[in-house]
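Protein chains in written order, with the working numbering: chain A, 26 to 246; chain B, 26 to 246. Backbone N, C-alpha and C define an ideal beta-carbon position, used for all residues, glycine too. First the structure, in the form of structure tokens, and then the observations on it.
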DNA sequence: AGTCATCTCACGGAAAACCGTGAGATGAAA
DNA sequence: TTTCATCTCACGGTTTTCCGTGAGATGACT
């Protein structure tokens, strides 16, 4: 007899949660362990150690904190939570983004019903799952490039950096401190700080080392 | 009429300083601006902004703080001081080490007399100078590899890292914080701190970013 | 005219990194 | 057996980074 797979569901539309629960309940291997209506609730729920789930079904658009932020939270805290993102957007950028944030599966709401059970079982085993429409989007976009082990080039993140942010990033890789940069660039320390912060946010890394590593990988050096 | 070149001399043997001064005084383009008997004195001297010199003649073996530490101090403070190292050791490692620390010239005490004036003038112009015996050592060792722009591969530094230090270094590149590392490695936070400190010292970088960059350059990743 | 991105700066607090120094324990090499 | 490197830990202090939040100024695009 197999072990049960425990699942937590997060979506701001109660009706959708109920739908998912209904579908999931048809499979006796899977059991729902609570649900959340906002990203904050998700984080709060998982922060209590008696509340754990093998898989989290996560909507991207939610009030208070959206799905991205929930993923960021897990990544930041180094919590290795298996997450399946449930989205109404079949946008490549979003898919890439959540992949970078460590999500293990992605299904669009269009055909969630037919995929959800399978997705949960697959992800619970430690594999990745993408509903076939998402898969085709991915493949099409990365023409020729096979989907590797969840590692996606994040060139598109690089594009989102402003001039000033790039300047700061470069200096950081040269071991400059904030004060030294402010001095060099003739800016207030606060300003440089602001750029650091937005770099950390945009590139979604934990600290200056993460920024440096990012810079290296994208040969900004 | 050319501008004068101001020189500061540091060596723990007064007699050697006097010798150098005597030699230098034969050239009216160069003028001595003070001397120091310990590394600490050097740092103290330069820390006063009325005390500046174009070129610092620096002995490696000195009490209180040796020449290495003086160079490290300049590098750390990002002071672009031109330094000629004066050493009794014609050891390759030492030459490489001081080159990495940003020194611009190296002459051995054996033939300091015939080289010192020329070395000072060369370095003052912004070029590098090595007495010919040092040059031959360098060339011999890096068989085939021409002396580049003062950038020397520091593989030998890498060798000096211990297992534990390497472990920590790797984790640092993965954006781990000290606390997280201590947790993961089952060590006290203090211990991990110790490794960080010795990494910073050994690799002679300013901060964690420097460590990460070093790791990348030497493909430790 | 209004929205938007970017650049600039501020402030206060929490966390982490950095620094210096000292020291016990162990095991290998001289 | 003594020296040496390495690994381990501690303590207290300073500096830097990180976080959150808010906001004015400018110029571009709608």
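Among A/224, A/153, A/199, nearest to residue 188 of chain A - alpha-carbon criterion: A/224
Residue 47 of chain B: buried (16+ other C-beta within 10 angstroms of its C-beta) or exposed? It is exposed - the Cβ of residue 47 of chain B has fewer than 16 other Cβ atoms within 10 Å.
Can you list the residues of chain A that residue 238 of chain B reaches, using a CB-CB cut of under 8 angstroms? 198, 200, 237, 241
Could you compute how far the alpha carbon of residue 245 of chain B sits from the alpha carbon of residue 185 of chain B? 14 angstroms
Nearest to residue 135 of chain A by alpha carbon, out of A/45, A/235, A/239? A/45
How many Å lie between residue 221 of chain B and residue 200 of chain B at the Cα? 13 angstroms
Can at least three beta-carbon pairs, one atom from the region 49-60 of chain A and one from the region 100-110 of chain A, be found at a separation below 8 angstroms? no
Residue 89 of chain A, DSSP secondary structure in three states: coil
Residue 177 of chain A (DSSP reduced to helix, strand or coil): Note that residue 177 of chain A scores 42 on pLDDT, short of 50, meaning its location in the model is unreliable; the coordinates nonetheless yield the value given after this. For residue 177 of chain A, the secondary structure class from DSSP, reduced to helix, strand or coil, is coil.
Look at the Cβ atom of residue 111 of chain A, then the Cβ atom of residue 37 of chain A, and state whether they are nearer than 8 angstroms. no
Within-8 angstroms CB hit, residue 47 of chain A to chain B: Interface residue (Cβ-Cβ distance to chain B less than 8 angstroms): residue 47 of chain A is not classified as such.
Chain-ordered chain B contacts of residue 231 of chain A [CB-CB under 9 angstroms]: Those are 200, 201, 202, listed as they occur along chain B.
Closest Cα partner of residue 194 of chain B within the set B/141, B/233, B/205, B/212: B/233
Within chain B, the residues that residue 103 of chain A reaches when beta carbons sit closer than 8 angstroms: Neighbours of residue 103 of chain A on chain B, chain order: 205.
Where does residue 121 of chain B land, buried or exposed, given buried means 16+ other C-beta within 10 angstroms? buried
Along the alpha helix (DSSP H) that carries residue 79 of chain B, what are the first and last residues, could you check? Note, residue 79 of chain B: premise wrong, no alpha helix (DSSP H); not H, not E.
Check the Cβ-Cβ distances between residue 234 of chain A and every residue of chain B, and say whether any is below 8 angstroms. Using a CB distance cut-off of 8 angstroms, residue 234 of chain A counts as an interface residue toward chain B.
Kindly indicate which three-state DSSP category residue 56 of chain B falls into: helix, strand or coil? strand
N-terminal and C-terminal residue of the alpha helix (DSSP H) that residue 227 of chain B is part of: Taken as a continuous stretch (DSSP letters only), the alpha helix (DSSP H) holding residue 227 of chain B covers 214-228.
Tell me whether residue 28 of chain A sits in a helix, a strand or coil according to DSSP, three-state version. coil
With 16 other Cβ atoms within 10 Å as the buried cut-off, status of residue 235 of chain B: Label assigned to residue 235 of chain B: buried.
DSSP on residue 69 of chain A, reduced to helix/strand/coil? Here residue 69 of chain A sits in helix by DSSP.
Pull up the distance between the alpha-carbon of residue 191 of chain B and that of residue 97 of chain B, whole angstroms please. 22 angstroms
Do you know how far the Cα of residue 198 of chain A is from the Cα of residue 72 of chain A? When rounded, the distance between both Cα atoms is 34 angstroms.
Count the other CB atoms within 10 Å of the CB of residue 51 of chain B; is the residue buried (16 or more) or exposed (fewer)? Exposed: under 16 other Cβ atoms inside 10 Å.
Under three-state DSSP, which class holds residue 201 of chain A? coil
Residue 128 of chain B: which of B/60, B/152, B/208 sits nearest, CA to CA? B/152
CA-to-CA distance, residue 219 of chain A to residue 214 of chain B, given in whole angstroms: Approximately 30 angstroms, taken between the alpha carbons.
Return the CA-CA distance between residue 211 of chain A and residue 74 of chain B, expressed in angstroms with no decimal places. Spanning the two alpha carbons is a distance of roughly 22 angstroms.
How about residue 78 of chain A and residue 31 of chain A: are their beta carbons less than 8 angstroms apart? yes
Hey, how far is the Cα of residue 203 of chain B from the Cα of residue 43 of chain A? The alpha-carbon atoms of residue 203 of chain B and residue 43 of chain A are separated by roughly 43 angstroms.
For residue 130 of chain A, three-class secondary structure by DSSP: strand
Is it buried or exposed, residue 124 of chain A, if we count other Cβ atoms within 10 angstroms and call 16 or more buried? Per the 10 Å Cβ criterion, buried.
Would residue 138 of chain A be called buried (16 or more neighbouring beta carbons within 10 Å of its own) or exposed? Exposed, since its Cβ has fewer than 16 Cβ neighbours within 10 Å.
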